[in-house]
Amino acid sequence: MRILQLCLGLAILCSIPYVSKADDRVLRVAILADEGAGQKGITNVTEQLRRTGKAEVVHVTGKEIASGILAKGFDVVVFTGGSGSKQGNALGDIGRENVRNFVREGGGYVGICAGAYLACTGFSWGVGVLDAKTIDSRWRRGTGNVKVELTAVGQEVTGLAPGVHDVRYANGPILTPHGRDNIPPYEPVAFFRTELAKNDTPEGIMVNAPAIARGTFGKGRVVVSSPHPESTEGLSDSFAPTAIRWAAGNRVPEKTANAVASKVGKPSPALHPKAYELGQKIQSIQERHSIVGLSVVAVKNGTVVWHTNFGLADIEREMPVTDQTMFRIASISKTIATAALMQLWEQGKFKLDDDISSHLGYRVANPRFPETPITFRQLLTHTSSLTDNANYDRFLMTTYNAGGRAPDIREILNVEGTHYSYGANFTTNAPGTNYRYCNLAFGVVGTLVEKLSGERFYSYCSKNILEPLGITASFNVAHLPDINDLAVLYSPDGNDFKAQADNFRGVKPSDRIGASYQPGQNGLVSGPQGGLRVSALDLSKFMTQFMDRKSSSAKPILKKSTIDLMLREHWTNGKNGGGYAGRGLGFQRTQSLVENELWIGHTGSAYGLRSSMFFLPKESIGIILITNGSKAGSTVNGFYPMHRETTEAVLEFLKAPPARKSVTSRR
Numbered sequence: 007m008r009i010l011q012l013c014l015g016l017a018i019l020c021s022i023p024y025v026s027k028a029d030d031r032v033l034r035v036a037i038l039a040d041e042g043a044g045q046k047g048i049t050n051v052t053e054q055l056r057r058t059g060k061a062e063v064v065h066v067t068g069k070e071i072a073s074g075i076l077a078k079g080f081d082v083v084v085f086t087g088g089s090g091s092k093q094g095n096a097l098g099d100i101g102r103e104n105v106r107n108f109v110r111e112g113g114g115y116v117g118i119c120a121g122a123y124l125a126c127t128g129f130s131w132g133v134g135v136l137d138a139k140t141i142d143s144r145w146r147r148g149t150g151n152v153k154v155e156l157t158a159v160g161q162e163v164t165g166l167a168p169g170v171h172d173v174r175y176a177n178g179p180i181l182t183p184h185g186r187d188n189i190p191p192y193e194p195v196a197f198f199r200t201e202l203a204k205n206d207t208p209e210g211i212m213v214n215a216p217a218i219a220r221g222t223f224g225k226g227r228v229v230v231s232s233p234h235p236e237s238t239e240g241l242s243d244s245f246a247p248t249a250i251r252w253a254a255g256n257r258v259p260e261k262t263a264n265a266v267a268s269k270v271g272k273p274s275p276a277l278h279p280k281a282y283e284l285g286q287k288i289q290s291i292q293e294r295h296s297i298v299g300l301s302v303v304a305v306k307n308g309t310v311v312w313h314t315n316f317g318l319a320d321i322e323r324e325m326p327v328t329d330q331t332m333f334r335i336a337s338i339s340k341t342i343a344t345a346a347l348m349q350l351w352e353q354g355k356f357k358l359d360d361d362i363s364s365h366l367g368y369r370v371a372n373p374r375f376p377e378t379p380i381t382f383r384q385l386l387t388h389t390s391s392l393t394d395n396a397n398y399d400r401f402l403m404t405t406y407n408a409g410g411r412a413p414d415i416r417e418i419l420n421v422e423g424t425h426y427s428y429g430a431n432f433t434t435n436a437p438g439t440n441y442r443y444c445n446l447a448f449g450v451v452g453t454l455v456e457k458l459s460g461e462r463f464y465s466y467c468s469k470n471i472l473e474p475l476g477i478t479a480s481f482n483v484a485h486l487p488d489i490n491d492l493a494v495l496y497s498p499d500g501n502d503f504k505a506q507a508d509n510f511r512g513v514k515p516s517d518r519i520g521a522s523y524q525p526g527q528n529g530l531v532s533g534p535q536g537g538l539r540v541s542a543l544d545l546s547k548f549m550t551q552f553m554d555r556k557s558s559s560a561k562p563i564l565k566k567s568t569i570d571l572m573l574r575e576h577w578t579n580g581k582n583g584g585g586y587a588g589r590g591l592g593f594q595r596t597q598s599l600v601e602n603e604l605w606i607g608h609t610g611s612a613y614g615l616r617s618s619m620f621f622l623p624k625e626s627i628g629i630i631l632i633t634n635g636s637k638a639g640s641t642v643n644g645f646y647p648m649h650r651e652t653t654e655a656v657l658e659f660l661k662a663p664p665a666r667k668s669v670t671s672r673r
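Residue numbers (our numbering): 7 to 673.
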């Protein structure tokens, strides 16, 4: 039984995604400041967190924890050095139970020395979130430096390099498993290599014992350290901030009976007067529209100022949405495809009003208007007269399922093609005279990028757009670094949800494009019309390129004059084609999102996903919303109710007065 539980515990630990130091969420951290908690440790950890600029620290008492304060938006609770028994007594029975409930529901626990004792199940005054006890009850082993060897996994938890370090020690616990069947076993991430054995304490039990360990309790994470890296010169600035951020990694929502998340990792009211209210509004939106998983990012003046993730990326495997979660963002992908084509325009490879036939190498024309050219500008504004229908759908599925032998796109575009059907993929309007949204047109855009660059579309975009901006993403799902970071897309199925796309169950698919594929053959294989997999945070790096260029720290991927050209109106709302939004080149221009505000960006909708990326150019404000499944209702002028509701809520927050300082005290 114990072996089985050990395997299960290790499986749980191995499934925990690494939360990098680059994760820039602002965490809300509670530090016990009461009897038994040493002031030096409290001050050290508080100052170390303050210097990161990514944490709000609140000093709390045992009575406050007993009153339920941890449930009010905190991500992690920290117990520093001092006396574990006194800290436990300060909490009392109710406070200790509240700590257990906090971690059980997804909160993080970090305990240092006394806080490590407190975490153990082996003491009546402990909170019992780590299956551990001390090897010997004689704890006064002395103080001084000892050698501690960190494992490779330990680097993830502590931010310290693997290998041996001299670390300050002061009577910390010498841990061993307690053997509780209801708690997964802990995982040592650092070991003592020398020992102190003063005051008649036994020798030989400290060497090779765990110095730092991590574990899980319920849905939460636990980190304990017997020695004091937070007060050791050369280690102090890294340990506590990294351990706390790692412990916060499972602070995610839970799924409901309908496999829909219900809790939001809400920002603290102390970070901004409107932040807590914003979290409540987003939670209400999620519940109202039964959203499976959600990422929201708010950008102002080129900087992410607020973001949240909640819900499930994978219902079946109960995997939460995190900062690293990538979504197939559907038609927002068209903005990246447009940027790729416009880079080649900057190089003089074509003119916007060129006939695309001269660059494809075969004739593409509306058979009803054979002498009217179809141009690059028309493709990018959806006025080319190309249209989607069942014939396009069949060709797309043939392309996707060809196993590396995709048909040439000319087979559907050219009159001599085997998939060509007279008039089937063209409207009855002449090119350039009418708006008709068209995915096939962006398959042609992807093909033209390949023809003009000599590279596969996904490869060109990675080299020239994604990688220069520091974005981890791809139009080729087989090239994603970790398939477990990819969200499954769902559509409603009665009271539940059914997987529609990207349900790979942790197994990376083979590359469907194949080694024999020649650039310019069929850009649809890369999905320029909707196939980019990217996280909301990484997508914001692309969006800021089109906002206030002075605020963006990344190297420009396009000239300012090119961006200005792309964002200005090339097709006017209401002029033709019905009540659609106005168009730039590859971008929507609309006042339908929030009344009387001109927004520029794009929506996405496919396989149950609903997404939007829009910004206010005059105010340098941008908002990204991505969901992987919902009961979203119907659209009005291209937007679902949750688009407007989220935009209005975040916009109110972004226009609120500046935030207060992030470090507060409740002593």
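Heads up, the beta-carbon is just placed ideally off N, CA and C, and yes, glycines get one too. Since the structure is predicted, the reported quantities are computational estimates derived from the model, not experimental observations.
Does the distance from the CB of residue i to the CB of residue j come in under 8 angstroms?
{"i": "Arg37", "j": "Thr52", "result": "It is worth fixing the name first, because residue 37 is Ile in this sequence and not Arg. Yes, the Cβ-Cβ distance between Ile37 and Thr52 is below 8 angstroms."}
{"i": "Pro474", "j": "Lys561", "result": "yes"}
{"i": "Phe463", "j": "Pro376", "result": "no"}
{"i": "Ala6", "j": "Ala196", "result": "This structure cannot settle anything about residue 6, because the visible part of the chain is limited to 7 through 673."}
{"i": "Ala493", "j": "Thr381", "result": "no"}
{"i": "Ala120", "j": "Gly90", "result": "yes"}
{"i": "Gly460", "j": "Pro525", "result": "yes"}
{"i": "Ala138", "j": "Thr182", "result": "yes"}
{"i": "Arg102", "j": "Asp329", "result": "no"}
{"i": "Asn395", "j": "Ala430", "result": "yes"}
{"i": "Ser427", "j": "Asn470", "result": "no"}
{"i": "Cys136", "j": "Gln93", "result": "In the sequence as presented, Cys is not what sits at residue 136; that position holds Leu. Not a contact, by the Cβ cut-off of 8 angstroms."}
{"i": "Leu386", "j": "Gly79", "result": "no"}
{"i": "Ala336", "j": "Val451", "result": "no"}
Taking DSSP's pairing of strands, which residues face residue i in a bridge?
{"i": "Ser480", "result": "Arg539"}
{"i": "Met403", "result": "Answer is none; Met403 lacks a bridge partner."}
{"i": "Leu300", "result": "Phe316, Thr633"}
{"i": "Phe3", "result": "Look at the range of the chain in this structure, 7 to 673, and you will see that residue 3 is not part of it."}
{"i": "Ile563", "result": "Ile563 pairs with nothing; no bridge assigned."}
{"i": "Gln594", "result": "Arg589, Gly607"}
For the candidate residues the options, whose alpha-carbon lies nearest to that of residue i?
{"i": "Asn509", "options": "Gly520, Ser516, Tyr496, Asp502", "result": "Tyr496"}
{"i": "Glu111", "options": "Lys504, Asp360, Lys306, Ala253", "result": "Ala253"}
{"i": "Leu446", "options": "Glu417, Lys469, Asn435, Ala96", "result": "Glu417"}
{"i": "Val105", "options": "Lys69, Asp394, Trp312, Ala655", "result": "Lys69"}
{"i": "Glu239", "options": "Arg174, Asn95, Cys126", "result": "Arg174"}
{"i": "Tyr646", "options": "Val600, Asn50, Leu622", "result": "Val600"}
{"i": "Glu322", "options": "Ala505, Gly536, Ser640, Gly628", "result": "Ala505"}
{"i": "Tyr192", "options": "Arg220, Arg199, Arg186", "result": "Arg220"}
{"i": "Pro235", "options": "Leu571, Tyr523, Gln54, Ala507", "result": "Gln54"}
{"i": "His65", "options": "Arg57, Gln45, Gly160, Lys204", "result": "Gln45"}
{"i": "Val455", "options": "Ser546, Gly354, Ala371", "result": "Gly354"}
{"i": "Ser391", "options": "Thr378, Phe245, Glu422, Gly185", "result": "Thr378"}
{"i": "Arg567", "options": "Gln349, Gly628, Val152", "result": "Reading off the sequence, residue 567 comes out as Ser, not Arg. Cα-wise, what sits closest to Ser567 is Gln349."}
{"i": "Leu604", "options": "Val531, Arg616, Arg574, Arg411", "result": "Arg574"}
{"i": "Gly607", "options": "Gly588, Leu615, Gly614, Tyr613", "result": "Gly588"}
{"i": "His365", "options": "Pro487, Arg374, Trp351", "result": "Trp351"}
If you run the structure through DSSP and keep just helix, strand and coil, what is residue i?
{"i": "Ala39", "result": "coil"}
{"i": "Phe85", "result": "strand"}
{"i": "Thr158", "result": "It should be pointed out that residue 158 corresponds to Ala in this sequence rather than to Thr. Three-state result, Ala158: helix."}
{"i": "Leu622", "result": "strand"}
{"i": "Arg334", "result": "strand"}
{"i": "Ala267", "result": "Caution is warranted here: a pLDDT of 34 is assigned to Ala267, below 50, making its placement in the model unreliable, and the coordinate value is therefore given only provisionally. Note: Ala267 maps to strand in three-state DSSP."}
{"i": "Lys27", "result": "Confidence at Lys27 is low in this model, with a pLDDT of 36, below 50, so its placement is unreliable and the value that follows should be read with caution. DSSP places Lys27 in coil when its eight states are reduced to three."}
{"i": "Trp577", "result": "strand"}
{"i": "Ser290", "result": "helix"}
{"i": "Ala253", "result": "helix"}
{"i": "Thr341", "result": "helix"}
{"i": "Tyr123", "result": "helix"}
{"i": "Gln527", "result": "coil"}
{"i": "Ala77", "result": "helix"}
{"i": "His365", "result": "helix"}
{"i": "Trp131", "result": "coil"}
{"i": "Pro216", "result": "strand"}
{"i": "Ser671", "result": "In this prediction, Ser671 has a pLDDT of 23, which is less than 50 and means its spatial position is unreliable; nothing more can be read from the coordinates."}
Exercise. Determine, using beta-carbon pairs with one atom in the stretch 480–497 and one in the stretch 429–439, whether at least three such pairs fall under 8 angstroms.
Key: Counting Cβ pairs under 8 angstroms, fewer than three are found: no touch.
Quiz item: For the 8 angstroms Cβ check, are there 3 or more pairs between the stretch 122–137 and the stretch 194–214?
Solution: The stretch 122–137 makes no contact with the stretch 194–214, as fewer than three CB pairs between them are under 8 angstroms.
Quiz item: Are at least three pairs of beta-carbons, each pair with one atom in the stretch 176–185 and one in the stretch 141–158, less than 8 angstroms apart?
Solution: Contact between the stretch 176–185 and the stretch 141–158 is established, with three or more Cβ pairs separated by less than 8 angstroms.
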